[in-house]
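Here the structure comes first, spelled out in structure tokens, and everything after it is commentary.
Residue numbers (this note's numbering): -10 to 851.
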């Protein structure tokens, strides 16, 4: 058995180059060469209809095609020209049975009594050079291709020599089609750009098929069905969607003419070939169009579409017969977690038992069994078939189990895909599986109250596969780890293993996820102030989250207002009126009331009798816990509650809404920043309420000096150089519009807005800023303020996010937008400035705030 380092992960699609590094899905697709356009056959070359003569066709173009490709080689009276008769030599005829394959060393393994080989050089005792073995007249070229097929150094040809070769020996079309595939592969290895010889063999297969398609009897034989499946495989490999759809539909009609799929059960290999083509190749094609239904031909698009035909259960050997396989007791023990969730009789529980058995074989017996096409075809593909059959459209009301089962089926498919890519970079799933699971996990369709362990498995399984979206759920994963009291990664793996897990398959992804969790814990410690156990060894675990309302800081802004009359009274809202911050504001004369942004009625009560409201929402509290999608939804709901409550306040004359520019509109859709997006949606809600809009001022608060306290914005000490480095995803020339000290400077702007309603109403936009600096100048100001030498280092956005998971992409994307938009970053509306409002009092600059801040630099540098 080869070691993992030598040949694991090298079984690629026949047109892919062998690569020792496991490629991503996008890289793999880019490695798959597509046949040149001149070599691709138009769908008209094949017509799955029964014709006696071309004259029966009405379309003149179609008549011409049939004459050229079907009747070429026939006399006018329909008699055949010099064409050798089909070879039916009983001694050499192979009924394409897997039992006909023998290993070179004559050793065979057995699955339920069926012999399975790997790489035959003889077939039923006959040399591969025996011309009598083949259904066509063998040429030197064809002999060369057969020898190339059986060259074991080419792992990417394993499926063709292990399974397909014996199946194509009884039909000329199947043989020519597979030889075309092998010829193309050989041409690529030789660096040939001209694949005319492969196309020539392909056309020989086409003519052979089309001649029999014109006969209602020979057009639906086992041989013909096998040949069409060979064409399906070729279309899949070459990513030819149109041909794939055509052949898929033709195969369906052939099966129907034969009397249904059950009629093929007596033909073991043909029925298995139909099974293997009835599963998806989802990473190959684009998603089907909206008018594409699963009963149509474009089921061949294979985008998470239920298989057309049922499993041929009677033909499939049970995996448990492999000796020394896991015992039924072990399987039952491994499935306890699933039984606890779904019960013992649920379909998903039964499927997972099969998956537990497969993972046990990989873990305990033979990790490289994934390179055996028969194992894939007889064991893995049927499980994929069953998983795809799990209800795809569960009702979202009172059907928690159905939606949960669907999520688990999708996660199990991603799990299988990850294992397969570990041992050969060949995907069974595609991005659409991730997208659909992502939708279920983010749309609030499942009540997780009773299933925190299952939620943890689903989120981690998703995160292990969906690299770009991994950080989306890191915050929730961290929270679940804390909730379940899992103090080490080993304890987490123990929980995951109760569902589905192979730790040796995801060692790299597990290490990355651990680092993501470490970064998340650090970010949460900074934001919520109550995470304490940050370790360099193992997982960083945390104490419970702090739940004090961040709005207390926002209310504190109002204490900085420059009120001209002593009769003006400030009222603030908080979830906890007994907190230290609330008590401090009360001592300053602020009336603190208890209210919740999620509860519109509580806001209406809090707003009673007020004439002006300064409203702001906090995107980053839900963001830190649940990620950007949930945070946008929470912020929009809370912002709409604030606006609705304000609109229902009769005494209100001025509503000041703290918001941000519409980056998506300004960038033409290129930049969609979640913490901008939520506020923009609230803007639109306010604009639709004419009554409230007449009283509203939109306040754009720019870059806070305190942002440099964010972990991703703080210069870090590099001990080996003795300097601080500022790692940022944009060049130092990027211009930043700055507000300086927000706790001091927002108050004067709000005061100016209230003093000049003639300028700030109705629906006007006010830009709150103190200065504009480049990114490099900000670092220079920090160096002057702290007397520390610092260097600006530009890194990629992806690298920025790896250092600070989820927060990096959120903040880094904002910076990239500012880099692109430049002076237009704060535009799209006619803005009112501090000069317009007559704000003359001094504002605290960014560098002044830097000088006053406690950076703790001594302890950091030490």
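Built from N, CA and C at the ideal position, the CB exists for glycine as well.
Exercise for the section: Would you check if there are 3 or more beta carbon pairs closer than 8 Å linking the region 714 to 734 to the region 781 to 793? Expected result: yes
Handout entry: Beta carbon of residue 475 nearer than 9 Å to that of residue 463
Key = Numbered from its first residue, the chain shown carries residue 475 at position 486. Numbered from its first residue, the chain shown carries residue 463 at position 474. Contact flag unset, no.
Problem - Proximal residues to residue 665 (C-beta, below 6 Å), its chain only, five neighbours per side dropped - result: The sequence position of residue 665 within the chain shown is 676, counting from 1. 649 and 652.
Handout entry: Alpha carbon of residue 240 to alpha carbon of residue 444, nearest angstrom
Key = Against the chain shown, residue 240 aligns to sequence position 251. Against the chain shown, residue 444 aligns to sequence position 455. Rounded to whole angstroms, residue 240 to residue 444 spans 41 Å at the Cα level.
Practice task
Classify residue 781 as helix, strand or coil using the three-state DSSP reduction.
Solution key: Locating residue 781 in the chain shown gives position 792, counting from the first residue. Strand at residue 781.
Problem - Distance between beta carbons of residue 125 and residue 165, contact taken as under 8 Å - result: One-based indexing of the chain shown puts residue 165 at position 176. One-based indexing of the chain shown puts residue 125 at position 136. Residue 165 to residue 125, Cβ: 7 Å. Contact.
Practice task
With DSSP collapsed to three states, give me the class of residue 706.
Solution key: For the purposes of this step, residue 706 is taken as the residue at position 717 of the chain shown. Residue 706 falls in the strand class under three-state DSSP.
Exercise for the section: Please list, in chain order, all residues of the same chain as residue 640 whose beta carbon is under 7 Å from its beta carbon, the five residues on each side excluded. Expected result: The residue you call residue 640 lines up with position 651 of the chain shown. Result list for residue 640: 598, 599 and 600, in chain order.
Practice task
Just tell me which of 814, 796 and 750 has its CA closest to the CA of residue 727.
Solution key: Stepping through the chain shown from its first residue, residue 727 is reached at position 738. When only C-alpha atoms are compared, the closest one is 814.
Practice task
Kindly list the residues whose CB is nearer than 6 Å to the CB of residue 314, restricted to its own chain and excluding five residues on each side of it in sequence; keep chain order.
Solution key: Indexing the chain shown from 1 puts residue 314 at position 325. Confidence at residue 314 is low in this model, with a pLDDT of 48, below 50, so the placement of that residue is unreliable and no value is reported for it.
Handout entry: residue 376 beta carbon near the ligand SAH (any heavy atom closer than 8 Å)
Key = Absence of the ligand SAH is noted for the structure shown, with no ligands found whatsoever.
Exercise for the section: Can you give me the Cβ contacts of residue 583 inside the same chain, cut-off strictly under 6 Å, excluding the 5 residues immediately before and after it? Expected result: In the chain shown, the residue the question calls residue 583 occupies position 594. These residues qualify, in order along the chain: 566.
Handout entry: Beta carbon of residue 302 nearer than 9 Å to that of residue 266
Key = Taking the chain shown and counting its residues from 1, one reaches residue 302 at position 313. Taking the chain shown and counting its residues from 1, one reaches residue 266 at position 277. It is not a contact, given that the beta carbons lie outside the stated cut-off.
Practice task
Please state whether DSSP places residue 754 in a helix, a strand or coil.
Solution key: Taking the first residue of the chain shown as position 1, residue 754 is located at position 765. If DSSP states are grouped into helix, strand and coil, residue 754 belongs with the strands.
Problem - Euclidean distance between Cα positions of residue 742 and residue 748 - result: Translated into the one-based positions of the chain shown, residue 742 becomes position 753. Translated into the one-based positions of the chain shown, residue 748 becomes position 759. Going by the C-alpha atoms only, they are around 8 Å apart.
Exercise for the section: Below 8 Å on the Cβ atoms is my guess for residue 146 versus residue 138; work out the distance and round it to an integer in Å. Expected result: Here residue 146 refers to the residue found at position 157 when the chain shown is read from its first residue. Here residue 138 refers to the residue found at position 149 when the chain shown is read from its first residue. Between residue 138 and residue 146 the Cβ distance is about 6 Å, and since that is below 8 Å, they are a contact.
Problem - Of the residues 643, 592 and 781, the one placed nearest residue 702, counting alpha carbons only - result: Locating residue 702 in the chain shown gives position 713, counting from the first residue. Taking only the C-alpha atoms, the option nearest residue 702 is 781.
Problem - Continuous alpha helix (DSSP H) stretch holding residue 729: start and end - result: Counted from its first residue, the chain shown places residue 729 at position 740. No alpha helix (DSSP H) holds residue 729; the beta strand (DSSP E) holding it covers 724 to 729.
Problem - Cα-Cα separation between residue 261 and residue 424, rounded to whole angstroms - result: The sequence position of residue 261 within the chain shown is 272, counting from 1. The sequence position of residue 424 within the chain shown is 435, counting from 1. Whole-angstrom Cα-Cα distance: 30 Å.
Exercise for the section: For residue 697, I'd like the list of residues in its chain whose CB is within less than 7 Å of its CB, leaving aside the five on either flank, ordered along the chain. Expected result: As a position in the chain shown, residue 697 is number 708, starting the count at 1. If we look at residue 697 and ignore the five residues flanking it on each side, its Cβ neighbours are 703 and 771.
Exercise for the section: Just the C-alpha distance for residue 238 and residue 432, rounded to the nearest angstrom, thanks. Expected result: For this step, residue 238 is matched to residue 249 along the chain shown. For this step, residue 432 is matched to residue 443 along the chain shown. In a straight line, the C-alpha of residue 238 is about 36 Å away from that of residue 432.
Practice task
Taking 9 Å as the cut-off, decide whether the C-beta atoms of residue 336 and residue 392 are in contact.
Solution key: Taking the first residue of the chain shown as position 1, residue 336 is located at position 347. Taking the first residue of the chain shown as position 1, residue 392 is located at position 403. No, the pair does not count as a contact, with Cβ atoms beyond the cut-off.
Handout entry: 8 Å contact criterion, which residue 604 and residue 663 should meet: CB distance rounded
Key = As a first step, residue 604 must be located in the chain shown, where it is residue number 615. As a first step, residue 663 must be located in the chain shown, where it is residue number 674. The Cβ separation is near 19 Å, so there is no contact.
Problem - Strand pairing of residue 604, partner residues [DSSP] - result: Counting from 1 along the chain shown, the entry for residue 604 is found at position 615. In the DSSP output, where bridge partners are listed per residue, residue 604 has 646.
Practice task
Please classify residue 838: does DSSP put it in a helix, a strand, or coil?
Solution key: What you label residue 838 is simply residue 849 of the chain shown in a count that begins at 1. Of the three classes helix, strand and coil, the one that applies to residue 838 here is helix, per DSSP.
Problem - Reduced DSSP secondary structure (H/G/I, E/B, other) of residue 577 - result: As a working note, residue 577 is residue 588 in the chain shown. Here residue 577 sits in coil by DSSP.
Practice task
State the DSSP-derived secondary structure class of residue 820, mapped to helix, strand or coil.
Solution key: Walking along the chain shown from the start, residue 820 turns up at place 831. The answer is strand: DSSP assigns residue 820 an E or B state.
Handout entry: Straight-line Cα distance separating residue 631 from residue 595
Key = Residue numbering aside, residue 595 sits at position 606 when the chain shown is read from its first letter. Residue numbering aside, residue 631 sits at position 642 when the chain shown is read from its first letter. Going by the C-alpha atoms only, they are around 11 Å apart.
Handout entry: Nearest-angstrom Cα separation, counted from residue 353 out to residue 404
Key = To locate residue 404, count along the chain shown from 1; it is residue 415. To locate residue 353, count along the chain shown from 1; it is residue 364. In a straight line, the C-alpha of residue 404 is about 18 Å away from that of residue 353.
Exercise for the section: Rounded to whole angstroms, what's the CA-CA distance from residue 833 to residue 590? Just pull it up for me. Expected result: Taking the first residue of the chain shown as 1, we reach residue 833 at position 844. Taking the first residue of the chain shown as 1, we reach residue 590 at position 601. Roughly 37 Å separates the two Cα atoms.
Practice task
Return the chain-ordered ranges of every alpha helix (DSSP H) run that is complete within the region 613 to 674 and spans a minimum of 4 residues.
Solution key: 617 to 636 and 652 to 655
Problem - C-beta contact flag for residue 399 and residue 364 at 9 Å - result: Here the question's residue 399 lines up with position 410 in the chain shown. Here the question's residue 364 lines up with position 375 in the chain shown. No, the pair does not count as a contact, with Cβ atoms beyond the cut-off.
Problem - For residue 714, three-class secondary structure by DSSP - result: Taking the chain shown and counting its residues from 1, the one referred to as residue 714 is at position 725. Strand.
Exercise for the section: Would you mind reading off the limits of the alpha helix (DSSP H) that contains residue 690? Expected result: Position 701 of the chain shown, counted from the start, is the residue given in the question as residue 690. Residue 690 -> not in any alpha helix (DSSP H); beta strand (DSSP E) instead, spanning 685 to 690.
Handout entry: Straight-line gap, residue 494 to residue 372 (C-alpha atoms, nearest Å)
Key = Taking the chain shown and counting its residues from 1, the one referred to as residue 494 is at position 505. Taking the chain shown and counting its residues from 1, the one referred to as residue 372 is at position 383. Taking the straight line from one Cα to the other gives about 19 Å.
Practice task
Classify residue 278 as helix, strand or coil using the three-state DSSP reduction.
Solution key: Translated into positions along the chain shown, residue 278 becomes position 289. Residue confidence for residue 278 is low, a pLDDT of 38 falling below 50, so the modelled location carries little weight and cannot support an answer.
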